[in-house]
Structures are given as structure tokens and as C-alpha cells.
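For the protein sequence lines, the chains are A and B, in the order given.
Residue numbers for the first sequence follow this note's numbering, beginning at 1 and rising by one.
Residue numbers for the second sequence follow this note's numbering, beginning at 1001 and rising by one.
Positions of the beta carbon are idealized from the N, C-alpha and C atoms, including for glycine.
Number of protein chains: 2
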Amino acid sequence: MTTRWLTPEEQRAWRAYLAATHLLEDAIDRQLQQDAGMPHLFYSVLANLSEAPERRLRMTDLAETLKITRSRLTYAVTRLERDGLVRREDCAWDKRSSIAVLTDEGTEVLERSAPGHVETVRATLFDRLAPEQVRQMEEIFTGVVRGLQGDGAEPGTDDVPWRRRSSCSGS
Amino acid sequence: MTTRWLTPEEQRAWRAYLAATHLLEDAIDRQLQQDAGMPHLFYSVLANLSEAPERRLRMTDLAETLKITRSRLTYAVTRLERDGLVRREDCAWDKRSSIAVLTDEGTEVLERSAPGHVETVRATLFDRLAPEQVRQMEEIFTGVVRGLQGDGAEPGTDDVPWRRRSSCSGS
DNA sequence: CACTCTTGGTTCAAGTTTTAAACAAACCTA
DNA sequence: TAGGTTTGTTTAAAACTTGAACCAAGAGTG
């Protein structure tokens, strides 16, 4: 089986993608580090928690939605907990689980830095895209995500993966 | 000025993008680490050199096309040089510059690991995209790149940025 | 009930990578 | 020549990632 190399079109797309992701991540990381004192990943943790019911999520679920290893998440949450932005709670139903909870201070920090973050995402990305391109982007990347790890999952659960399991949210 | 939050469509696109980039980078890094013993960035260095005239590029130019800092590139090239995949040469025209040259061994390693890499890129990305989506991707991200750092550059030089300056290639 | 298997999460040590600031050399311009 | 810029590296510190090992708790089985 001989290698099917990338076509010129694919090469151009790939290069553009690589360059853009580098620049984007740099810009966003710089902005967040500046304004919120944290890297993008940490911000994403806070953001995801803030949208979860009762602002709490199981570590494993959080790791899954963020597409990172649990180890990596443990590291992030430990930092955030040290800064008082997140608190860990035990799960009453499953005593193995620990639940990351966004604290009030975490909420404050998030709300304070969200505008700047959104501003950056807009300035670097969405303000340069036509509405049609936004749709295209979503389709392209949801496809990639599904292919890369959703192969075994039933379609339809991808939008809100954090509602799949018991969220230990009952008080 | 009140914050213009992301629309639901933009949010979906953004989340999909973030998830996909995480998964993609993970997959590609894992594959390259496995098969070539190096992270994606290092591979990109080799790949870019291999396509340059005489397989040589100024450090600064290389950093610019890779969208990384010179410091970061210095680190990468140092590693690659230690492994014999890249060699540094002085530039005759400008004695400040140093030129990274892909060695024969580097070429071998690259050629040996390229098929697996392309295979991964295909499997994770392009084999899931319609030709139209490849074009959409290119347009979206070239726009982003141009906006993020090409604002001051004349349009038309984006495709082959490494030919812009003296490449110190005259043997 | 033991027994095993799996899951959830952390710890630990090692290594990798990034950053930022400082530096030196070379170039350029007047 | 002086002053400013570009190139590239060095350095030290910090940040991050990895992978394996580990423990505790649930789940399934006989």
C-alpha cells in the first residue's frame, strides 16, 4: 500500500490550519495570561464549570469534555483550587468521584475576564468569518471530534456530553 | 461598549474547534512520538526545511513560517542538531544569521516517518472531509493567519513566505 | 460473601517545554 | 563613529506533561 500524500489543496489547508492554530493559541494565551493570570486551559475549566448545572462537574466528565487526560486536569484543578477559584467536593453517590465546583470567587474572576476573552476570540476569529463559514467550521470540526473519539458513542449526545451521567448535583 | 457575546452558532463552532484541535494534536503528537521519536513541532521543522531550496533556512525565517518565537526554535533546532538531523551553518552574507540545514540523516528520518504522519493526518482529518470542506478550511484559516499577523504584509506572499528574503542558499 | 475486574482520581518522579530577560555580535544609517 | 535595530543564543526559573504506580470504591460473578 503506497502512501497517499496530501493533495496540493489539502496541503494548503493543513498549513493554514497549523499556522492559524499556533497564532490563535498564542494570542489567546497571551491575552488570558495578561488579563486573568491563567492559561487558556485553566480558563476553559472555569468556563465549563460555570455552564454546568450548579456549576459542578465530576473530574472525569470535565476531562472528557475538555479532551484532556485526568492527570492533566488534576494538575489544573489543583492550581485553581489553590487560588480559590475552584473547590473539590465529594460525591455522595459514588465515593470514588470528586466534584469540581466553581467557587464564588471563581465565578467573579470568570465574569471579569470573560469579556476580554470573548473580545479576543472575536477579533482573531469570528469577526473575520462570514456566518456561513461559522457553520462550515462547526461541521468540519464536529466531524473530526466524532471521528476521533466519538466512534463508539451514539450520535446525538455530542452537544451536551456533561449531562450523560449522574452529575452528583442533588444539593 | 457592552460585550458582544458569541452567538449560539459561534459557540458551537468554537467548542468544536477547541475539542478537535486538542484531539488532533494529541493524536498527531502520539503518533510522531511513537514512530519518529519527536513531537509535532520538531517534525514541522524538518518538513519545512525539506521543502526549502537546498533544504536550508534562516532561523528567523523558519520561526516566522512556523509562527513560533525564535527562542522556541533555538530549543528545537538544538535538540535536532544534537540528534544529527539538522546542522547549523553560518551565513556568508550576514554573519549574524545562522542557517538550519537538513542533514542527510534528517532527510532519511523525515522520509521514513512522513508516510505514517500523513496517514494520521488523513485518518483524523482529511478522510472525513469533503473536497469542498478542504477548500473552506483553507479559506477560513488563511483569513485568520492574515488577520493575525499578515496585516502589514502585502497580499500574495503568503503561500511561499520562505522565498521572501535572501536565503543564503548560493552554496 | 469472597474474587476479580473496572473505574475514578491522585500522586510521584522525571522529563520536556516555555517564557522572559539579558546578552553579544553584526548590521545599518547618518 | 555613535546609536539603533536585527539576529540568535543563553540562562534560570517556572510551567507543564507524561506515564506508571497506586489506592479506594463500585460492579459483576460464582
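S166/A burial status per 10 Å Cβ neighbour count (16 or more: buried):
For the purposes of this step, residue 166/A is taken as residue 166 along the first sequence, with counting starting at 1. Confidence is the limiting factor: at S166/A the pLDDT is only 43, short of 50, which leaves the residue's position unreliable and the question unanswerable from this model.
Beta-ladder partner(s) of E1010/B, from DSSP:
Working through the second sequence from its first residue, we reach residue 1010/B at position 10. BP columns for E1010/B are empty, so no partner.
Since L1102/B is in the beta strand (DSSP E), which residue starts that stretch and which ends it?
Working through the second sequence from its first residue, we reach residue 1102/B at position 102. Start and end: S1098 to L1102.
Hey, out of I99/A, E25/A, A36/A and L66/A, whose CA is closest to V45/A's CA?
Taking the first residue of the first sequence as 1, we reach residue 45/A at position 45. Considering only alpha carbons, the answer is L66/A.
From E81/A, S50/A and E10/A, pick the residue whose C-alpha is nearest to that of L110/A; which is it?
Taking the first sequence and counting its residues from 1, the one referred to as residue 110/A is at position 110. Selected option, being the one with the closest Cα: S50/A.
Based on DSSP bridge pairs, tell me the residues matched to V1086/B.
Residue numbering aside, residue 1086/B sits at position 86 when the second sequence is read from its first letter. For V1086/B, which the question treats as bridged, DSSP gives the partners L1102/B.
In the structure shown, what three-state DSSP assignment does R206/A receive?
Residue coverage of chain A in this structure runs from 1 to 171, which leaves residue 206/A outside it and unanswerable.
For L1080/B, name the three-state secondary structure that DSSP assigns.
Along the second sequence, read from residue 1 onward, the residue named residue 1080/B stands at position 80. Three-state result, L1080/B: helix.
Give every residue of the same chain whose Cβ lies closer than 8 Å to the Cβ of L6/A, excluding the five residues on either side of it in the sequence, and list them in chain order.
Your numbering for residue 6/A matches position 6 in the first sequence. These residues qualify, in order along the chain: W14.
What ranges does the alpha helix (DSSP H) occupy inside the segment 1010–1074 of chain B, keeping only unbroken runs of at least 4 residues that lie completely in it?
1040–1051 and 1059–1066
Taking P1115/B as the query, report the chain A residues whose CB atoms sit under 7 Å from its CB, ordered along the chain.
Taking the first residue of the second sequence as position 1, residue 1115/B is located at position 115. Correct list: T3.
Around the Cβ of D1127/B, are there at least 16 other Cβ atoms within 10 angstroms (buried) or fewer (exposed)?
Here residue 1127/B corresponds to residue number 127 of the second sequence, with the count starting at 1. Exposed is the call here.
Pick helix, strand or coil for A123/A, following the three-state DSSP scheme.
Counting from one through the first sequence, the residue named residue 123/A turns up at place 123. Looking at A123/A - three-state DSSP - the assignment turns out to be helix.
When you compare only the Cα positions, how much space is there between V1077/B and H40/A?
Taking the second sequence and counting its residues from 1, one reaches residue 1077/B at position 77. Taking the first sequence and counting its residues from 1, one reaches residue 40/A at position 40. Their Cα atoms are separated by approximately 27 Å.
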